[in-house]
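Protein chains in written order, with our numbering: chain A, 1238 to 1568; chain B, 20 to 581; chain C, 7 to 195; chain D, 1346 to 1746.
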């Protein structure tokens, strides 16, 4: 039985959803794709009067297999490393035309931390009114899970496999936010698909702020991280609750806000759910050492951003997404 | 044929042509499942349903939802031990919802505002059903029979309706006014003929009732104190607990003024009596029970059957409770009790898995008292229906309450002998009424499968914030002297707070989580409730079956099914 | 068609000199072309630029290998190999020098004038090109000085232009008018 | 009236006359004077446009792409390494059929490093799907630039105007600039029919699977071939407006009756023309000035070659291991003639080597009396400057043990 038969008005219902649908159904992301969820949330909060420049990556591939497109926004994909520059050109054009349409640039961590970084830095330096959104899934997923500058320390990828001589990625995850902060742009923040209200707030704040603004959205990849598709949000939440992915906001490079962690969870709770960290649970001394290393990184984040909540905040890792009956999150 | 435009651009939203639903191996479905409060309520109340209405401010609707199961909420809100709260999943999170307070509030509001019961006058040719006993079971049965379109003849041996609620519950728990008004509103319903002072076997016979009515419901209660069949000597001045309690409720005094009393039993009678004795000035009141004080984490079968709040108040009032204890023997000086020997005791499963009391040798202690009062239960007074009674109770089929070997004769309430609370009696009356209606309609009676409550582990608690329960005002122990009600009620604010705390187990909260977190835009929101009771529709043409909606559903309302 | 090569050091306004000369010619109704021999050299290194002036459109774009005239903006360059290479027989060399003078050189004639000193005096910067161009026009009679003034007007204005104008007149007065009038015909390509 | 203008300055002013809305560039010799000139016009308020000075050529092309896609007339300029750094974006722009104009100030490509002129950079992106028009003079560069916007927007294709670095860009000569009214009459307002538009939110740059990719490329190819007509028409229309044409796709110059031809692209033509007129032996040739390299005007070429016995194709770039680049294409196109001329492919002037007047004689002498096409040669190269083992024809060295 097709959905139409079950609900004869499904198409009408879809057309009357009380939110803007920037990313439509029928896209070809994997089950439980964190990036698809993130892109959906970002475009819903930012749209509809926006244009998007999208770097090469899963997001581009799974949304636009011609003749279909899942986008309901003017959208352009050019190449891997130039999303920020294409967006800058769009912004320059719109500015010159005197139009108010805003420009977003979408890129994965590869298109942000690595190949797209130069264009991103240039765009920010020149002060374009562009919201650059990095969908951070911590590796090159489109090409089949290779390490990127964003891959966390010790994570397994196909180019950082664990073996007798190595324990996954040898290097640290690049502190992109600090680099972004050094550009002293008006607003930069990290967000997570596990905290959609917080994410939406940050998108809106970025849009309201204007100028070059930056958002790094932690977007789990069930395939690349090796977790069940239904755990996408749970895994993302644990990344925040352990301190491994701090949710922070910066204005002109100064820290202005964090999502405090009410109950700090041990990093093992987060890592255990993911195959990419499987080798850290082998029980040998190397595994123990790397587990401790990641715990120390989390501890350092918590200390650096003063993430430990007092337990009284309403808006913390436990309270930020409290639901209630009929609670229209997108009202 | 789709032609390739210059640069191979694509039109917006055309991905809808691609049905990703074919990728799915499991599908999310909305499964309304019973909340633990609902599953645990002997009266069949769906507390979650009326809490939901309270939260949105629909108080009368909430009361109507409530009285669709239980017509006596002002009474049960005060006297029921509320197993719903023991079962409440929120109890494992922070504190159970104060359902009793909400129930009581709605009951009182209905009395104050005179909300009419949702019952229409029966048709002229409506079948007539007799109900014996106007206690909670009889009143509930009469009410549900009226709702089902019957006329009801309600006979009561005493002068007024209420049964045990009237005779054995102290007024400080249930003010007389509440009892009078709520029962009077029921008795005034159209189609109900109430006959007080009419005792079965004396004023009217079973056969007479049978000949004049299409069906019968017997709820005579258990008014005869059970004999203490302990294998030790019995003191000459033994009074049963119920007798003493009824005396105090009726006359406001007790025959003796002893210095130290031990009450044996863990039910409401025992606890009420212990508190009455304290109010009478007995300095040392002991309560001996083989169970434990009800508390979170104490399994239901090991907890005293009395209302947990009453137990707590008894302790506040100076009653000493000896948990997990049984009486090994009484210590007599002649016929006079001077003390008793207690032993540690617990119910444990035997070889057949049935729970049996086990005493642990070598744990004996002596308690010095000058009175022992057994409050271990009562029996049915079989006058007028002797043939139906076996070993002090009327054996019935457990769900509908139809008397064994009978077709149109049902029984319930304390007379069943397998339970004894007011809400259990209300439930008996309701189910028997539904059974009678089915029998009259020529339908076969089949016991429904009780709903499986949503376990705590199926909830996603990340989405809730801890919040302490609202507390009703309670009279300080030193001021609990007379008949003044010990517990006050919550105000509207408190009641709404409790409703807001409800986790909505197994029911759609309309919280938008599934709609917000679906990566595939496969959850659509509806303006009205969807056919399945949710506020959302799964678009299976696009749902890939990732399971995020089910995993993140706060209430366990979404399940993944193959 | 007349071909001229201008030598100088990076930073002396060599290309500007070539552009000015061609611009003056174009402004005077001739056809002309000017382009640098662009190198990787930085400030101070010897550089060259080329000018062609003719009565018909100039089509060729090859470098000038056999100039009829050389303009040398720094006397030290006269000793650098290559500066005088390819000068047509009887061609003229106009060079910056300590004082005005005329001498034979490499089969042609060298005229010197203190162009840098004049520039310093009049415009305060050691840029000899304007003075040399004024002298060149005066020597060859290719076009009136006003053509150079017009070309300068396209680049300068206000006091700077005025100082340049005075410099042009001062420099022109230091050489013999029409001295190379015949040479021009002799060295045409 | 002709003004004395450096080629780059003339181009800057011409671009400004075309009213670009976004100009984006990254500095590279010898393109710099063009964008510096535009920047000055913007700074002086003579041109109202967004001048985006980016951090790389990759971004310069990307910004132009974004701007054009978002509905603005966009322009960029580059050369050499810059063109190569842009190259993936250039393919992308063309594949998306985005109209914009770029000046390529042609320059050699490293290594070895050379900042001087040849055609290697544009040749490297020959297959990017852009229209490539080569200019023989600065006047042609000016007129072609105006035409380029018209062609690009008419055909929905990007146009690269190839201008020899230094030889043209840094040469001052008398140039006619159109007046604003002429350009405004000639150039309709910018329009990109399938651009980014919130009212019709298309997706550009989609993923095309094997079922459709060939057809998408076929469409692109066909569009370039159709552009042949647009290039001719644009030139004719501009000639009508300005009085100056640029020779359409391919212009026959010199002696149209001559039986020997020389085909060139770019600024070497004038030198050869001068050389012919001054040739002491009085040799006359038919010059074929190839203006449109992409699309390649095979038909026009064949027509222009009617009656030729010999055709010398002078390449300004090298495909190492093969030879010339324009030469083989010309040969392939002429194969279809019933009586094709003998085609000799030679190259000269790599990395800014001066192309002197005597090149004319050397070319003719090289092919004089040849009964068969000569092997490809860098005619102005001196092999003796190479170690013996690295010279053409040297034996393969022994492999290291």
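All C-beta atoms in this analysis are idealised placements derived from N, C-alpha and C, irrespective of residue type, glycine included.
When the Cα atoms are used, what is the spatial distance from residue i to residue j?
i, j, result
"residue 1734 (chain D)", "residue 1389 (chain A)", "52 Å"
"residue 1317 (chain A)", "residue 1337 (chain A)", "27 Å"
"residue 114 (chain C)", "residue 127 (chain C)", "30 Å"
"residue 417 (chain B)", "residue 506 (chain B)", "34 Å"
"residue 1421 (chain A)", "residue 1298 (chain A)", "33 Å"
"residue 1 (chain C)", "residue 1585 (chain D)", "The structure shown has nothing for residue 1 (chain C), since chain C only spans 7 to 195."
"residue 1453 (chain D)", "residue 1461 (chain D)", "6 Å"
"residue 71 (chain B)", "residue 202 (chain B)", "27 Å"
"residue 1546 (chain A)", "residue 1433 (chain A)", "20 Å"
"residue 468 (chain B)", "residue 218 (chain B)", "37 Å"
"residue 34 (chain C)", "residue 174 (chain C)", "17 Å"
"residue 1422 (chain D)", "residue 1372 (chain D)", "9 Å"
"residue 199 (chain B)", "residue 130 (chain B)", "11 Å"
"residue 1420 (chain D)", "residue 1522 (chain D)", "19 Å"
Find the residues of chain C that neighbour residue i, judging by a C-beta separation of less than 8 Å, and give them in chain order.
i, result
"residue 1347 (chain D)", "32"
"residue 1511 (chain D)", "41, 42, 44"
"residue 1587 (chain D)", "Near residue 1587 (chain D) there are no residues of chain C at all, since even the closest Cβ is about 17 Å away, more than 8 Å."
"residue 1700 (chain D)", "67, 68"
Is residue i helix, strand or coil by DSSP?
i, result
"residue 1385 (chain A)", "coil"
"residue 273 (chain B)", "coil"
"residue 419 (chain B)", "coil"
"residue 576 (chain B)", "coil"
"residue 1716 (chain D)", "coil"
"residue 1406 (chain A)", "coil"
"residue 1358 (chain A)", "helix"
"residue 30 (chain C)", "helix"
"residue 1371 (chain A)", "strand"
"residue 1638 (chain D)", "strand"
Do residue i and residue j have their CB atoms nearer than 8 Å?
i, j, result
"residue 1326 (chain A)", "residue 1412 (chain D)", "yes"
"residue 1489 (chain A)", "residue 1398 (chain A)", "no"
"residue 479 (chain B)", "residue 578 (chain B)", "no"
"residue 1704 (chain D)", "residue 41 (chain C)", "no"
"residue 1568 (chain D)", "residue 31 (chain B)", "no"
"residue 451 (chain B)", "residue 419 (chain B)", "yes"
"residue 1387 (chain A)", "residue 1413 (chain A)", "yes"
"residue 1631 (chain D)", "residue 1597 (chain D)", "yes"
Can you pull the chain B neighbours of residue i, defined as C-beta to C-beta under 7 Å?
i, result
"residue 1561 (chain D)", "23, 27"
For residue i, return the contacting residues in chain C, with the cut-off set at a CB-CB distance below 7 Å.
i, result
"residue 1554 (chain D)", "Within 7 Å Cβ-Cβ: nothing; residue 1554 (chain D) doesn't reach chain C, min ~49 Å."
"residue 1615 (chain D)", "65, 66, 67"
Residues of chain F with a CB under 7 Å from the CB of residue i: which are they?
i, result
"residue 37 (chain C)", "Absent here is chain F; the protein component of the structure consists of chains A, B, C and D."
What does residue i touch in chain D if you count any residue whose Cβ is under 8 Å from its own?
i, result
"residue 28 (chain C)", "1349, 1517, 1518"
Just to confirm, does residue i get its C-beta within under 7 Å of one of the non-hydrogen atoms of the ligand HEM?
i, result
"residue 1439 (chain A)", "The ligand HEM is not part of this structure, which contains no ligands at all."
In chain B, what lies closer than 9 Å to residue i by C-beta?
i, result
"residue 1539 (chain D)", "24, 25, 26, 28"
"residue 1691 (chain D)", "Under the 9 Å cutoff, chain B gives no residues; its nearest Cβ is about 39 Å from residue 1691 (chain D)."
request  = Evaluate contact between the region 145-157 of chain C and the region 77-85 of chain C, counting only Cβ atoms and requiring at least three cross-stretch pairs below 8 Å.
outcome  = No: fewer than three Cβ pairs fall under 8 Å.
message = If contact is defined by three or more beta carbon pairs under 8 Å, each pair taking one atom from either stretch, is the region 1496-1508 of chain D in contact with the region 1590-1601 of chain D?
response = At 8 Å Cβ cutoff, the stretches do not touch.
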